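Report on the following structure.
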Amino acid sequence: MFRLKLLPCYLPAKNCLYSVLKLTTLTRHHLSNHIDHHLFDEIPQKDISSLNSLLNSYIRNGDAVTTWNLFHKMHCFCTDLNSYTFTPVLNACWALQNPKLGIQAHTLMIKLGVDTEIVPKTALIDMYSKYGQLGDSVSAFYEMGYRDVVAWNAILSSYLRHGLPQKAVDLFVDMRKERLEFSEFTLCSVLKACTSLKAYQKGKQIHALILVLGRDLVVLSTALINFYSNLGQIDEAVEIYRTLSWRKDDIMYNSLISGCVRNKRYDAAMSIMSLIRPNAVALTSALSACSENSDIWIGKQIHGVMIRQEFIHDTQLSNALLDMYAKCGKIREASLVFDKISRKDVVSWTSMIDAYGVHGHGAKAIDLFKRMEEENNVLPNPVTFLAVLSACGHSGLVELGREYFYMFQEKYGLVPGPAHYACFIDMLGRAGQIEELWSLFLGMVEKDVKPSSAVWAAVLNSCRINLDVERGEFAAKRLIQLEPDNPGNYVSLSNFYAAIGRWDSVDELRSIMKKRGIFKGEGGSWVTMHKFGDKFQCENSGAPSF
DNA sequence: TTAGGGTTAG
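Using the working numbering, you'd call the opening residue of the first sequence number 9 and step up by one each time.
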């Protein structure tokens, strides 16, 4: 026997933390049910195909609540639900972020015998994947008797969504071996997998396949631009853009702009930016270019565009704006932007904490972190953990730094990685706590955290400050082994030898650098000059990034 | 009816 009760869903997606069962205990006047009983009665055509079309319209307009509520009514009053009913409903289940709804819909599909049909089964692969349930998504795929190209594409996307690009590539190789049909969707996913895997040759092969098939669609070209620019081949990416015969769209331009920024082609990014109507994603990339290039002049102009075009409520874009001001040394402006972000996410909080930390305002950074905890709607992540530690380090707040190093683990279950250890080791070294530093280092190794070059550099620097010759030489050896071409490491080592009076080693090191062709670039500051008539105005833009 | 391309903190 099989008993199933579908429950109505009244609240929008973000409130779906409440279980469906809890929802039923709420009183009706607290809720907004777009499809109530009377409205359902008023729907003129109540045959199943009209109702299915209505479900599709609601979900296409992004109204998942109404889609689910209409489905609930249909379940009560219709006896002929079919596969066309469930495809929009499964989408709604995911949009409502409530896995219980998905399970209810899936159960009903099994009861009605539509779960084995190819289209709703593919929708199940997708729904479970979007819920984060890779196992259920894969099960749905392997339960299929016959799999069409859309089903294969859905499972490829599922693997990519779960950070398994190699699985996606392996599956594509299987598809080719079995001479299965593939489509532009398939090639897009495989290109994305190649990008994640940094698999240049494989990606080139897909590019060749696209050329042979003559499928230079804008979506595929965007995936190619993204692939090449992520692998440092920005000229190839620009060539794709130049030779594209299809109409270029915003997403393609955005991909090219972010690719130029990623490859430090800031002027090119700005030129492409000027070709399009501003959109939030392009502006975010452009602001990122200003941050990297310390170009507050352009950054301020983008801020103006944001205000004029009403992008100011976009959290992600505002985070980039905040970061731009902070990186250009304008901490007050960064703070003003932060205050105006109405829906602050973990990146907003972390960026501002880090901005205070970098500018030496450790106490303000800590106060802000406390505020973040009090507001209680955003949880810190490993980057927040690092920003707080770094803020303590920059301001010499060793006691607080120690407290937070353990608190983040105990209260939030965040596991420190090499970057966290490097930061804490640096802090302890500067404070002369060399024995605590070593016991921390040994504890880290015992926990199987592999020391990164940043860890060895922090250890070496601590040994220089504390004149610990033996352990300093040990750290130096490891550091140079790990990064033999990084000039900064040789400078650290040279400073270490100088501190312990080994001037012969300093000279030896310099000649080794010369012999190996390793040069340390000089430091500097950017000053932006603007000409107004015959007068110049200077803008101090902070430190450059070499 | 199902599947695809772009963005922020370290």
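For each residue, glycine too, the CB sits at the ideal point set by N, CA and C. Treat the numbers as computed from the prediction; the structure is a model and nothing was measured.
| Item | Value |
| --- | --- |
| Using beta-carbon positions only, say whether Ser-229 and Val-269 come within less than 7 Å of one another. | no |
| At which residue ranges does the segment 215 to 257 contain complete alpha helix (DSSP H) runs of 4 or more residues, listed in the order of the chain? | 226 to 238 and 242 to 251 |
| Identify whether Thr-33 lies in helix, strand or coil by the three-state DSSP scheme. | Because the pLDDT at Thr-33 is just 26, under 50, the model does not fix this residue reliably, and the point stays unresolved. |
| Let me check understanding here. Comparing Cα to Cα, which of Gln-112, Arg-68 and Asn-64 lies closest to His-83? | Gln-112 |
| Judging by CA-CA distance, which residue of Lys-256, Ile-310, Asn-64 and Lys-210 is the nearest neighbour of Met-173? | Note that residue 173 corresponds to Pro in the displayed sequence, not to Met. Minimum Cα distance to Pro-173 is reached at Lys-210. |
| Straight-line CA distance for Pro-361 to Gly-404? | For the sequence presented, residue 361 should be read as Ile rather than Pro. About 16 Å. |
| Express the C-alpha separation of Gln-213 and Lys-256 in angstroms, rounding to a whole number. | 24 Å |
| Thinking just about the alpha-carbon of each residue, which of Val-386, Asp-71, Gly-437 and Met-281 is nearest to the one in Tyr-420? | Val-386 |
| Does the beta-carbon distance from Ala-294 to Met-281 come in below 7 Å? | yes |
| Once DSSP output is grouped into helix, strand and coil, what is the label at Ala-551? | Interpretation of Ala-551 is limited by its pLDDT of 46, a score under 50 that renders its predicted location unreliable; no figure is taken from the coordinates. |
| Which term fits Trp-511, buried or exposed, when burial requires 16 or more other beta carbons within 10 angstroms of its beta carbon? | exposed |
| By Cβ distance, which residues of its chain are closer than 8 Å to Ile-349, with the 5 residues on each side in sequence left out? | Thr-323, Ser-326, Asn-327, Leu-330 and Ser-356 |
| Got a sec? Which residues, its chain only, sit under 6 Å from His-367 by beta carbon, not counting five neighbours each side? | Ile-339 |
| Classify Asn-262: buried if its beta carbon has 16 or more other beta carbons within 10 angstroms, exposed otherwise. | buried |
| Should Ala-176 and Leu-164 be called a contact, given that it needs their Cβ atoms to be closer than 7 Å? | yes |
| Leaving aside the five residues before and after Tyr-79 along the sequence, list all residues of the same chain whose C-beta is less than 6 Å from its C-beta, in chain order. | Strictly speaking, residue 79 in this sequence is Phe, with Tyr absent from that position. These residues qualify, in order along the chain: Val-97. |
| Provide the residue span of the alpha helix (DSSP H) that contains His-369, from first to last. | Counting along the chain, His-369 falls outside any alpha helix (DSSP H), and DSSP gives it neither H nor E. |
| Can you name, in chain order, every residue of its own chain whose Cβ lies under 7 Å from the Cβ of Leu-63, other than the five neighbours on each side? | Thr-75, Leu-78, Phe-79, Thr-93, Pro-96 and Val-97 |
| Excluding five sequence neighbours on each side, which residues of the same chain lie with their C-beta closer than 6 Å to the C-beta of Cys-24? | Caution applies to Cys-24, whose pLDDT of 33 falls short of 50 and renders its modelled position unreliable; the model cannot decide the point. |
| Taking the C-alpha atoms as reference points, what is the distance between Ala-72 and Lys-458? | 46 Å |
| Is it the case that the Cβ atoms of Asp-450 and Ile-433 are separated by a distance below 7 Å? | Strictly speaking, residue 450 in this sequence is Leu, with Asp absent from that position. No, the pair does not count as a contact, with Cβ atoms beyond the cut-off. |
| Report yes if the C-beta distance between Gly-365 and Ala-373 is below 7 Å; otherwise report no. | yes |
| Roughly how far, in whole angstroms, is the beta-carbon of Ala-100 from the beta-carbon of Asp-134, given that I think they are within contact range, below 8 Å? | About 13 Å separates the two Cβ atoms, so there is no contact after all. |
| Could you give the C-beta distance for Ser-502 and Val-514, rounded to a whole number, given that I count them as a contact under 8 Å? | 5 Å |
| Within the same chain, show all residues whose beta-carbon is closer than 6 Å to that of Thr-377, passing over the 5 residues directly before and after it, in chain order. | Looking at the sequence itself, residue 377 is Phe, so the reference to Thr does not match. Same-chain partners within the cutoff: Ile-361 and Val-396. |
| Relative to the C-alpha of Gly-171, which candidate in Asn-69, Val-198 and Phe-346 has its C-alpha closest? | Val-198 |
| Helix, strand or coil for Leu-109? Go by DSSP, reduced to three states. | helix |
| Asp-515 by DSSP, collapsed to three states: which one? | helix |
| Can you tell me whether Thr-203 is buried or exposed, with buried defined as 16 or more other CB within 10 angstroms of its CB? | buried |
| Spatial neighbours of Asp-542 within its chain, please: CB distance less than 6 Å, with the 5 preceding and 5 following residues excluded, ordered by chain position. | none |
| Determine the direct distance from the alpha carbon of Gly-121 to that of Met-9, and round the result to whole angstroms. | Unreliable placement is indicated for Met-9, whose pLDDT of 38 sits below 50; the coordinate value is still reported in the next sentence. Between Met-9 and Gly-121, the C-alpha separation is close to 15 Å. |
| Looking at the structure shown, is Cys-101 part of a helix, part of a strand, or coil, going by DSSP? | helix |
| Using only CA atoms, which one of Tyr-505, Tyr-498, Pro-492 and Val-453 lies nearest to Asp-476? | Tyr-505 |
| By the DSSP assignment, the alpha helix (DSSP H) with Glu-444 in it spans what residues? | 442 to 454 |
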